[in-house]
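Scroll down for the structure; my scribbles are underneath it.
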Amino acid sequence: MPKNKKPAGGSRAQSFEPRYGAKKTSYQDAKRRPGQSSAGKPGSKSPSHRGYRPEAEEAAPKKQRWSAQERAGRNEARGIRSQAQGDRPRRDDRSDRPARSDRPARSYDDRPVRSYDDRPVRNVGESGRRGSDRARFDGGDRNVRRYERDDRRPQGERRSYGDARPSFRDDRPRYERDDRPRRDDRQRDDRARGGRDDRPTYGGNRSDWKQDEKDAAKRQAFERHADTVHEKLQAEAIQAEEVAGVTFAGLGLGDNIVRALEDLGAASPFPIQAATITPILEGKDVLARGRTGSGKTIAFGAPLVESVLRSQAGKRREFGRSPQALILAPTRELALQIDRTVQPIARSVGLFTTQIYGGVPQARQVGALKKGVDIIIGTPGRIEDLQEQGKLDLSEIRIVVLDEADHMSELGFLEPMQRILRLVEPDAQKLLFSATLDREVAALVDEFLVDPAVYEVAGEDQDSGTIEHRVLVIDHRDKAEILTNLVDRDGKTLVFARTRAYAEMLAEQFDDAGIHAVALHGDLNQAKRTRNLERLTSGRVNVLVATDVAARGIHVDDIDLVIQADAPDEYKTYLHRSGRTGRAGRSGTVVTLITRQRRRKMTEMLDRAEIDAPFDDVRPGDDLLEALRSAE
DNA sequence: AAAAAAC
């Protein structure tokens, strides 16, 4: 019976046979030699096993990295070798070694030089750090394009803050420690001087070093202030009383849009809306401060739709048309949320929106773009990605909105923002909305906004009075118990953790204690992020443990307790996190847990945030915890 | 130092 002649795997093994042909015999010889132990040899002994390694491979020296010391030793040896020339030929004769002995040398000596030669263009663009990341994913030709793009724009022409400029990024140490810090500095410096021709090669010379030192000194001066509240930009404050009696129609919005706004629950304009709608319709660049929840989204969304509509008046909306407006947000959740507001407004006048953000398949987004949309809402990464793939045309963008611009001016966001903004026509209208209006956003303001109208909503200040702030000074070992105690309540609770891992851990911990909780952080896939947030919104779960991904923008109506399991480092983070409660005039409580050692730091931070909060020493079971649980 | 944002 042929079936039984061979075991199941037989034919398969046979088909592999030729590959092992030569070695198999030697293997078999070795194996069959009586008395020889195979113990201590790594790898499977069977050639048909996937772990099989022929003897020859074992004989080869082990691959390993050179430690710094070994490298030093090698260089020393090389010095000796060059004196005693006789050594060399003999080394080269060792036919199995040369590649190996060359490799460390190459990585030590040649690589840096070569890699700089490979990417000179990056010196010019602002893409320094990112460029190197990118190189892993694709070829270098993209960098060339970027260079052309960047070069096209005359730098430093719209500057108005003089030498204060470098402060935005200079207080970020990572740039200084980067492997090409001087390049960044020089680049920035050139912009300040308005010239960029005399940029020396990266190798640098003496005078560069001197310049660098000067820059470093400047930087240090700024770093001393980096921790303080940034100087506020000059803004026109809007009083709530001034807007009484104003209507959306009166501000210049069309009937359909006004109706759509009514459907969204916006019957009459909030102060920020009353302030910004008119100048936006007039085509002015606008810089406005207002928390999400202050009606910011409508403040830019409604006039943006109106304005796109007007510009298309009389024109047919063609299949595959390029988008006219772009709204940028720092997180996917926020982009989604903005779309939820803007889309109905746009639809009311027959315009289309689409979301362009990462973490989800591109196909649907690309499909929408192919059909043609008027307004795109998204996060920087995917927008750049699709643009580079040629699937998103930004050349016809007439209006750009940056939401949460202060956040987007932070490390890691600023440069993508700048690159995207440089892709749109320079005369496109720019609207910049930010929770804080200080010099942090000036990097963007300086370069991209022309004579902006600046608004700040008075009385909308962070400490709006509806939020009660408390600081609980606890023993670290009590932390878990106190947290579990606090979240065991009726209302919706948002817990902030500093890291993704801790957020995940806390959610599990609460679950284990019988309190249903979900997590929201960047380690989750987008589906889970969306679902978990929705669970809190819908009330199916009352406790959400999040990282700072949820600190900004996300809007859940009735969160009445925000717990900061880890105190934030920055006063702005504190403000943003606490802004998740006390929304739309409701009251809310913000509780921050700290250990004794952190008291002072916490006091300083609250000072900067201009928030008064009592500090209380708390242990598990204290009455205060009970009071906080049931508060509201 | 961490978080977010791209395959």
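Residue numbers (UniProt numbering): 1 to 632. Every residue gets a Cβ at the ideal spot worked out from N, C-alpha and C, and that includes glycine. The structure presented is a predicted model; accordingly, all values stated were derived computationally and were not measured.
So, with DSSP's three-state summary, where would you put residue i?
{"i": "K315", "result": "coil"}
{"i": "H407", "result": "helix"}
{"i": "T581", "result": "coil"}
{"i": "I397", "result": "coil"}
{"i": "D374", "result": "coil"}
{"i": "H516", "result": "coil"}
{"i": "L628", "result": "helix"}
{"i": "E456", "result": "strand"}
{"i": "G522", "result": "coil"}
{"i": "I257", "result": "helix"}
{"i": "F248", "result": "coil"}
{"i": "L470", "result": "With the sequence shown as reference, residue 470 is identified as Arg, and Leu is not the correct amino acid for it. Correct three-state label for R470: strand."}
{"i": "Q429", "result": "strand"}
{"i": "D451", "result": "coil"}
{"i": "T297", "result": "helix"}
{"i": "A442", "result": "helix"}
{"i": "D511", "result": "helix"}
{"i": "S322", "result": "coil"}
{"i": "A288", "result": "strand"}
{"i": "S434", "result": "strand"}
{"i": "V360", "result": "coil"}
Can you tell me the Cβ-Cβ gap for residue i and residue j, rounded? I've got them flagged as a contact below 8 Å.
{"i": "A517", "j": "V545", "result": "6 Å"}
{"i": "I474", "j": "L593", "result": "6 Å"}
{"i": "S294", "j": "F319", "result": "Incorrect: roughly 38 Å between the Cβ atoms, too far for contact."}
{"i": "R629", "j": "L486", "result": "6 Å"}
{"i": "A345", "j": "I277", "result": "A small fix is needed here, since residue 345 is Ile in this sequence, not Ala. At roughly 12 Å, the Cβ-Cβ gap does not stay under 8 Å, so I345 and I277 are not in contact."}
{"i": "A550", "j": "L506", "result": "Not a contact, Cβ separation roughly 13 Å."}
{"i": "R552", "j": "P330", "result": "7 Å"}
Counting C-beta neighbours from all protein chains within 10 Å, is the total for residue i 16 or more, i.e. buried, or is it exposed?
{"i": "N525", "result": "exposed"}
{"i": "residue 634", "result": "This structure cannot speak to residue 634, because the chain is shown only from 1 to 632."}
{"i": "V450", "result": "exposed"}
{"i": "G290", "result": "buried"}
{"i": "Q418", "result": "buried"}
{"i": "H469", "result": "buried"}
{"i": "E447", "result": "buried"}
{"i": "H576", "result": "buried"}
{"i": "A627", "result": "exposed"}
{"i": "T499", "result": "exposed"}
{"i": "G378", "result": "buried"}
Kindly indicate which residue of the options has the alpha-carbon position closest to the one of residue i.
{"i": "G588", "options": "T297, I467 and E508", "result": "I467"}
{"i": "Q362", "options": "D339, G390 and S348", "result": "G390"}
{"i": "F300", "options": "R439, Y455, L486 and L369", "result": "Y455"}
{"i": "P620", "options": "A480, V591 and A567", "result": "A480"}
{"i": "E534", "options": "E333, T353 and S307", "result": "E333"}
{"i": "R439", "options": "M408, G491 and I420", "result": "M408"}
{"i": "D523", "options": "T353, A266, V342 and G359", "result": "G359"}
{"i": "I327", "options": "D490, R340 and A567", "result": "R340"}
{"i": "V243", "options": "P380, A275 and T353", "result": "A275"}
{"i": "R540", "options": "A513, A501 and T493", "result": "T493"}
{"i": "S395", "options": "S434, Q337, F352 and R321", "result": "R321"}
{"i": "D617", "options": "Q365, I482 and L472", "result": "L472"}
{"i": "D374", "options": "I559, V349 and A507", "result": "V349"}
{"i": "I515", "options": "P344, R317 and N542", "result": "N542"}
{"i": "Q273", "options": "R259, V457, A513 and Q365", "result": "V457"}
{"i": "residue 642", "options": "L506, R586, D569 and R583", "result": "No answer is possible for residue 642: the residues shown for the chain start at 1 and end at 632."}
{"i": "T573", "options": "R596, Q509 and L606", "result": "L606"}
{"i": "G265", "options": "G245, E236, V246 and I298", "result": "I298"}
{"i": "F510", "options": "D488, V400, K371 and A313", "result": "D488"}
{"i": "A567", "options": "R586, E604, A267 and R259", "result": "E604"}
{"i": "D478", "options": "S434, A527 and R596", "result": "R596"}
{"i": "A335", "options": "T436, T530 and R599", "result": "T530"}
What residues in its chain sit with their C-beta under 7 Å from that of residue i, if we drop five residues either side in the sequence?
{"i": "A503", "result": "A497, A519, H521, V545, A546 and T547"}
{"i": "L281", "result": "G252, P303, E306 and S307"}
{"i": "R259", "result": "S348"}
{"i": "D622", "result": "none"}
Leaving out five residues on either side along the sequence, give the residues of the same chain with a beta carbon under 6 Å from the beta carbon of residue i.
{"i": "A453", "result": "P279, K284 and V286"}
{"i": "F352", "result": "V373 and D374"}
{"i": "F615", "result": "V471 and V473"}
For residue i, I'd like the list of residues in its chain whose CB is within less than 8 Å of its CB, leaving aside the five on either flank, ordered along the chain.
{"i": "L392", "result": "P323, I356, L369, I376, I383 and L386"}
{"i": "R398", "result": "S307, V308, S311, Q324, A325, E425, A428 and Q429"}
{"i": "L444", "result": "L402, A405, M408, S409, L414, M417, Q418, L421 and L432"}
{"i": "D255", "result": "A249"}
{"i": "T581", "result": "I467, L494, I559, D560, L561, V562, G588, T589 and V590"}
Tell me whether residue i counts as near the ligand GDP, meaning its Cβ is closer than 8 Å to at least one heavy atom of that ligand.
{"i": "A435", "result": "In terms of ligand content, the structure shown is empty, and the ligand GDP therefore cannot be addressed."}
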